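Here the protein sequences line up with chains A and B, keeping their order.
My numbering runs 214 ahead of the 1-based position in the first sequence.
My numbering runs 55 ahead of the 1-based position in the second sequence.
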Amino acid sequence: MSDLAIGIDFAVNLIGTTHSCVGVWQKGRVEIIPNDQGNRTTPSCVSFSSTERLVGDGASNQASLNPTNTQVPLLGLLSGSMARVFGIKRLIGRKFDDEEVQADMLHWPFEVARRGDRPLVRVMHCGQQKELTAEEISSMILLKMKETAEAYLGAPITDAVVTVPTYYDNRQRQATHDACAIAGLRVLDTINEATAAAIAYGLDKKFYKPRNVLVFDLGGGTFDVSLLAIEDGVFEVKAVAGDTHLGGEDFDNRLLAHFVAEFRRLYRRDLSSNPRALRRLRTACERAKRTLSSATKTSIEIDSILDDIDFYTSITRIQFEDLCHDLFYSTLKSVEKVLRDSHTDRFDVQEVVLVGGSTRIPRVAKIVSDFFHGKEVNKSINPDEAMAYGAAVHAAVLSGEGLGKMKDMLLLDVAPISLGIGMVDGTFTPLINRNTIIPAKRSLVFSTHEDYQTHMLIEVYEGESVRMQDNRLLGRFQLSGIIALPRGVPQIEITFGISRGGLLNVFAMEKSAGYTNAITIAEDRGGLAREEIERMAWEAQQYKQQESSNTLRIASKNRLESYVYDLRELTATLNETISRTVEWVDSTERAEPEISAEEYDQARKDLEAAAFMIVQDICGLAWRDIPRPGRAIGDDVEDHSGTPSTAGTDDGFDRRA
Amino acid sequence: LVSTALAWTKEDYEIFDLVGAIEAAEGPGTTFYSWLGVAPTATTQEISKAYRRKSVALHPDKNPGVKNIQKRFARLGVVAQILRDHEGRKRYDFFYKNGVPKWRGTGYYYSRFRPGLGAVLLFLA
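Put into structure tokens, the structure is as follows:
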């Protein structure tokens with residue numbers, strides 16, 4: 215129905231919490247779409263309770279109310295009433311045993327279960343325990359963004375460009391695709407966050423000389439650096455680097471640890487075993503961190519944090535900077551890597567653009583500026599909306615919507631991590647080197663290592679180490695039917711193709727025999743199977759139906775109630791009029807001067823008029839609240855006997871005549 | 056230990072293949088430079104600029120549904136990568152001046168046109 219494609223920034227990173235944002239290209243410009251609460255960004259937050267599921271603003275309101283208003287420990291979800299699921303972006307596309315997941319679990323206020331090697335979030339919903347994958351929870355947020363856009367544009371939306379952290383690996387990208395599929399969105403492309411920010415920065419500027427722009431994106435949970443060359447509307451990514459596990463949440467964790475230690479020193483009590491206290495302290499830490507971006511000192515005051523102990527303390531900006539000192543400096547490693555990979559001198563970088571909420575921390579901006587010899591850093595673009603803006607532009611280019619204005623706009627993105635195969639001697643041979651422009655394709659010829667070998671296991675890895683074990687295994691497959699020949703003789707050609715969105719295809723062929731075997735890494739690396747996606751999409755529909763049937767139920771109940779009360783009031787008025795007339799008639803029995811026929815007639819006419827008015831009101835009531843189908847029936851009536859409200863009138867007049 | 060003068064490396068083979076593929080796809084006589092539309096003396100900046108211009112014309116996003124566009128674009132990426140790299144460009148310039156060798160070594164042919172069992176039997180018979 216609509217050719218519009220939206221750009222979704224899935225989790226904009228504000229300090230402390232992550233937000234998502236959706237934009238659309240319309241009438242030659244990008245519009246950021248406000249949600250049903252009128253906010254331009256929506257918290258990437260889902261909450262479950264015994265009666266309902268909330269997504270977005272509602273959920274985040276719950277979360278801020280929860281620690282103070284609920285007596286139930288937050289982490290004890292099984293006994294608790296509410297779980298706020300956040301930081302989901304860090305869980306997506308990860309395995310349960312990954313170090314990062316294990317480390318993060320300690321900080322999350324929800325419980326992480328495992329099925330196979332996948333981490334699952336365990337929640338209590340409507341009295342049932344549910345285990346949800348990160349993809350499912352992400353899809354709830356994506357669906358919310360989709361609905362926001364649909365409500366605003368008044369048309370169904372199926373196509374979208376979704377941002378991903380630049381340094382996401384193949385599995386995490388695939389998981390994002392899966393989440394979109396569950397939400398019923400077709401992904402035109404995924405775009406790297408830093409690239410999207412660069413588009414927002416450079417779209418309306420005309421550069422006649424190529425300009426090297428370094429985008430430094432330190433958000434709530436992820437950190438990316440990209441170096442782009444922008445020239446005549448072509449955005450060429452020259453190199454990327456980053457850390458999918460560095461951001462505002464880590465600074466919060468440092469603060470939290472600091473205060474837990476302080477509390478232990480002061481009161482000899484351990485806070486870390488009390489989830490509810492931790493949750494309250496974390497909220498306070500987030501707030502303190504934000505305050506320290508503008509103030510040099512802030513205080514933390516939490517009443518009755520543990521039993522009846524009130525925790526009042528303070529922290530200075532210097533202290534905070536000392537706590538996170540190493541984290542701040544670790545960002546420079548990625549900046550150096552980007553410059554090295556792209557053979558660019560730091561003096562050749564014309565512009566340094568800061569995006570992401572955590573770049574509001576003065577120290578971070580200072581470190582970056584110092585690294586570029588005191589260069590003024592650019593903070594001009596809106597860190598909350600820039601990525602949705604860039605994604606919307608890319609969506610417009612891909613859907614052909616913005617062809618007129620953006621004929622010359624082109625995005626040349628790169629693969630962030632080297633991809634290759636593992637060799638028999640335990641080394642790793644990359645086929646696609648990092649920072650190769652995508653889409654890309656490369657073949658290399660390999661051979662067997664044993665005489666008369668007919669089967670071969672091909673293992674696909676990603677990473678930068680020459681040692682196979684240090685890299686991440688993406689998938690493995692078997693090539694069989696190799697002609698039995700002495701070792702080193704068979705020619706096996708392995709082709710790696712990276713499509714748009716950074717997804718990998720691997721293809722192996724025994725050249726002489728022509729046996730081929732192909733895998734799309736999507737299907738063989740712990741991602742969701744097609745049936746699983748379908749089931750989850752179906753469940754998402756169920757949630758939606760449940761929610762909409764809830765809304766419908768409440769609306770119907772309200773309509774009935776108001777009708778009943780109005781009707782009762784009107785019948786009461788009618789009864790009152792009737793009994794007044796009856797009383798009058800009774801009183802005329804004993805009246806001295808006889809009442810004339812005209813007077814009775816007059817009384818009857820008055821009563822008729824009053825009754826008629828009330829009956830008319832009752833008819834009006836009946837027509838008022840009926841939804842569309844009822845209106846259509848009414849229109850039918852109109853064709854035969856005038857308007858519905860006069861149908862009753864005719865009746866009254868007939869009797870009177 | 057002496058290595059023979061005519062031992063081409065993996066990178067050389069990649070260039071040979073690329074030269075052949077580009078001539079086949081973009082017309083005979085097309086060189087890396089003429090494809091990009093720059094002089095063989097062009098600076099790296101000029102090559103980058105030409106590459107960006109060319110990629111607007113060849114990017115799959117701009118040519119939805121055009122046959123072989125993915126392959127051509129991927130090739131363009133490799134060409135740019137070779138020419139922008141100092142070492143790679145020197146290597147290509149050698150072949151650009153002297154021509155791609157007609158005889159590329161037995162290993163090259165063996166890895167590409169290794170006869171199947173049938174052909175061998177036919178040859179022996």
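All C-beta atoms, glycine included, are put in the ideal place defined by N, C-alpha and C.
Here the structure is a predicted model, which is why all the values come from computation and not from measurement.
Could you pull the DSSP bridge partners for residue i from this structure?
i                : result
Ile396 (chain A) : Ile396 (chain A) pairs with nothing; no bridge assigned.
Glu515 (chain A) : A:Tyr526
Asn592 (chain A) : A:Val567
Arg749 (chain A) : According to DSSP, which records beta bridges pairwise, Arg749 (chain A) is partnered with nothing at all.
Lys655 (chain A) : A:Gly711
Ile444 (chain A) : A:Arg425 and A:Phe449
Val796 (chain A) : Val796 (chain A) is not bridged to any residue.
Tyr675 (chain A) : A:Gly634 and A:Leu687
Ser258 (chain A) : Answer is none; Ser258 (chain A) lacks a bridge partner.
Cys235 (chain A) : A:Asp223
Arg267 (chain A) : A:Phe262
Distance, Cα to Cα, residue i vs residue j?
i                : j                : result
Arg504 (chain A) : Tyr526 (chain A) : 18 Å
Met670 (chain A) : Asn647 (chain A) : 24 Å
Leu687 (chain A) : Met750 (chain A) : 26 Å
Lys117 (chain B) : Asn596 (chain A) : 29 Å
Val236 (chain A) : Thr650 (chain A) : 29 Å
Thr791 (chain A) : Thr785 (chain A) : 10 Å
Asp431 (chain A) : Lys547 (chain A) : 14 Å
Thr512 (chain A) : Glu599 (chain A) : 28 Å
Thr98 (chain B)  : Gly143 (chain B) : 14 Å
Ala94 (chain B)  : Glu445 (chain A) : 20 Å
Glu803 (chain A) : Val829 (chain A) : 29 Å
Pro83 (chain B)  : Ala654 (chain A) : 24 Å
Ser261 (chain A) : Val269 (chain A) : 6 Å
Ile708 (chain A) : Leu73 (chain B)  : 17 Å
Glu364 (chain A) : Asp622 (chain A) : 29 Å
For residue i, which residues in the same chain have their Cβ closer than 8 Å to its Cβ, ignoring the five residues on either side in sequence?
i                : result
Leu781 (chain A) : Ile832 and Leu835
Asn153 (chain B) : none
Ser544 (chain A) : Asp457 and Leu460
Lys109 (chain B) : Trp90, Leu91, Gly92 and Leu131
Met682 (chain A) : Gly636, Met637, Gly640, Thr641, Phe642, Glu673 and Tyr675
Ile712 (chain A) : Ala629, Leu633, Ile646, Thr650, Ile652, Pro653, Ala654, Lys655, Leu718 and Asn719
Who are the Cβ neighbours of residue i in its own chain at under 7 Å, not counting the five residues just before and after it?
i                : result
Leu399 (chain A) : Leu356, Lys360, Thr372 and Ala374
Glu673 (chain A) : Ile635, Gly636, Leu687 and Arg690
Leu402 (chain A) : Ala219, Asp373, Ala374, Val375, Ala609, Leu612 and Ser613
Asn488 (chain A) : Leu520
Glu535 (chain A) : Arg577
Contact criterion: CB-CB distance below 9 Å. Does residue i meet it with respect to chain B?
i                : result
Val638 (chain A) : no
Lys420 (chain A) : no
Arg842 (chain A) : Interpretation of Arg842 (chain A) is limited by its pLDDT of 44, a score under 50 that renders its predicted location unreliable; the figure taken from the coordinates is listed afterwards. No, its Cβ sits nowhere closer than 9 Å to a Cβ of chain B.
Arg425 (chain A) : no
Asp562 (chain A) : no
Leu218 (chain A) : no
Arg387 (chain A) : no
Val611 (chain A) : yes
Pro653 (chain A) : yes
Asn283 (chain A) : Low per-residue confidence applies at Asn283 (chain A): pLDDT is 27, beneath 50, and the placement is therefore not dependable, though the value from the model is reported in the following sentence. Closer than 9 Å: no.
Asp622 (chain A) : yes
Leu645 (chain A) : no
Strictly under 9 Å for the Cβ-Cβ distance: is residue i near chain A by that measure?
i                : result
Ala135 (chain B) : yes
Lys104 (chain B) : yes
Lys126 (chain B) : yes
Ile70 (chain B)  : no
Arg75 (chain B)  : Note on residue identity: the sequence assigns Gly, not Arg, to residue 75 (chain B). Gly75 (chain B) does not count as touching chain A.
Ala129 (chain B) : yes
Gly92 (chain B)  : no
Gly143 (chain B) : no
Gly120 (chain B) : no
Gly132 (chain B) : yes
Sorted by chain position, which residues of the same chain lie with C-beta nearer than 6 Å to residue i's C-beta, five sequence neighbours on each side aside?
i                : result
Ala603 (chain A) : In the sequence under discussion, the amino acid at residue 603 (chain A) is Tyr, which differs from the Ala named in the question. The residues are Gly237, Val244 and Ala414.
Pro704 (chain A) : Ser661, Thr662 and Ile696
Taking Cβ-Cβ distances below 9 Å as the criterion, which residues of the stretch 436-458 of chain A are in contact with chain B?
Ala443, Glu445, Asp446, Gly447, Val448 and Glu450
Quiz item: If you measure beta-carbon to beta-carbon, which residues of the stretch 106-117 of chain B are closer than 9 Å to chain A?
Solution: Tyr106, Arg107, Arg108, Ser110, Val111, His114, Pro115, Asp116 and Lys117
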